[in-house]
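Structure record follows, encoded as structure tokens.
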Amino acid sequence: MTTIIGISGSLRKGSLNGHLLAAAAALAPEGARIEVATIRGIPLYDGDLEAEHGVPEPVRELKERIAAASGLLLATPEYNSSIPGVFKNAIDWLSRPGSDIARVFGGKPVALMGATPGRGGTIQAQGAWLQVLRALGTAPWFGPRMMVSTAGSLFDASGRLTDEATGKQLAAFVAGFVAVVKRGDEQAVRTS
Ligand code: FNR
0 MTTIIGISGS LRKGSLNGHL LAAAAALAPE GARIEVATIR GIPLYDGDLE AEHGVPEPVR
60 ELKERIAAAS GLLLATPEYN SSIPGVFKNA IDWLSRPGSD IARVFGGKPV ALMGATPGRG
120 GTIQAQGAWL QVLRALGTAP WFGPRMMVST AGSLFDASGR LTDEATGKQL AAFVAGFVAV
180 VKRGDEQAVR TS
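Under numbering that gives the first Met the number 0, the first residue of the sequence shown is numbered 0, with each subsequent residue one higher.
If you want it as structure tokens, here you go:
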């Protein structure tokens, strides 16, 4: 089984990005699983806290899940034309200590998607993420973009994706990313 960890960068119950991630997880093809993880419970990064207590438990747990997974799927909101602070903060914690970055993120395939009620589709946030993904030594996946604009009208009250065109686009996006992640898994088995 190929496992991908999916993380939404919004804490809201009604998060469009949370809904998008749930829809992506439901579209995982046979032989692959997208496990939805949360950044809830991760404190603000504080070097003093780290020096005194080390990496907090929710961060430690999520780090291990990412390290064990074959891929990472980030559903990013866009705030002020960039990455929301809560999401960046979570990744900053997950990058601690720096000596663990290669083990947790090194060479890891990462896909970006995002939803916004406006017209931009998170294009600027996704662009900003590339610098971070580069710093962590990941292998960003440059398949078709998944930028969901006017997302407020694409989900029903329960958060289910109801727009057919977006559903098709998302299915192709997930299939494309999973195929690449699976290939990486197969290669790792061959060379082990
Ligand atoms: C936003 N929003 C927003 N949208 C966008 O497309 N470009 C932007 O630059 C911003 N900036 C921004 C700043 C702040 C502080 C907030 C709170 C919001 C709107 C944002 O896309 C919208 O709130 C989404 O619904 C957030 O994602 P979730 O929580 O629905 O996943």
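Backbone N, C-alpha and C define an ideal beta-carbon position, used for all residues, glycine too.
Note that the structure is predicted; figures quoted are calculated from it, not measured.
Rounded distance between the beta-carbons of residue j and residue i, thought under 8 Å
i	j	result
LEU72	ALA110	5 Å
PRO28	ALA171	So it is not a contact: roughly 11 Å between Cβ atoms.
VAL35	TRP92	Contact doesn't hold; Cβ gap of about 19 Å is too wide.
Residue i beta carbon near ligand 1 (any heavy atom closer than 7 Å)
i	result
ALA114	yes
LEU169	no
ASN88	no
GLY126	no
LEU15	yes
GLY117	yes
Beta-carbon gap between residue i and residue j smaller than 8 Å
i	j	result
ASN88	LEU43	yes
PHE86	TRP140	no
7 Å Cβ shell around residue i - same chain, five flanking residues per side excluded
i	result
THR165	VAL147, LEU153
Whole-angstrom distance between residue j and residue i, CA atom to CA atom
i	j	result
GLY106	ASP155	37 Å
ARG39	ARG144	26 Å
GLY46	VAL103	20 Å
SER14	GLN123	19 Å
ARG118	THR149	6 Å
ARG159	ALA50	43 Å
SER193	ALA127	Any answer about residue 193 is impossible in this case: the structure gives the chain only from 0 up to 191.
GLY97	SER191	26 Å
ALA200	VAL188	With the chain represented from 0 up to 191, any question about residue 200 goes unanswered, as that position is not in the structure.
VAL58	ARG95	9 Å
Close-in-space but distant-in-sequence residues of the same chain around residue i (CB under 8 Å, 5 per side omitted)
i	result
ILE90	VAL131, LEU135
Contacts around residue i, its chain only, beta-carbon distance under 6 Å, and the 5 residues preceding and following it disregarded
i	result
PRO76	GLY8, SER9, ASN16, PRO83
LYS181	THR1
Minimum Cβ-Cβ distance from residue i to chain D less than 8 Å
i	result
PHE154	The structure shown has no chain D; it contains just one protein chain.
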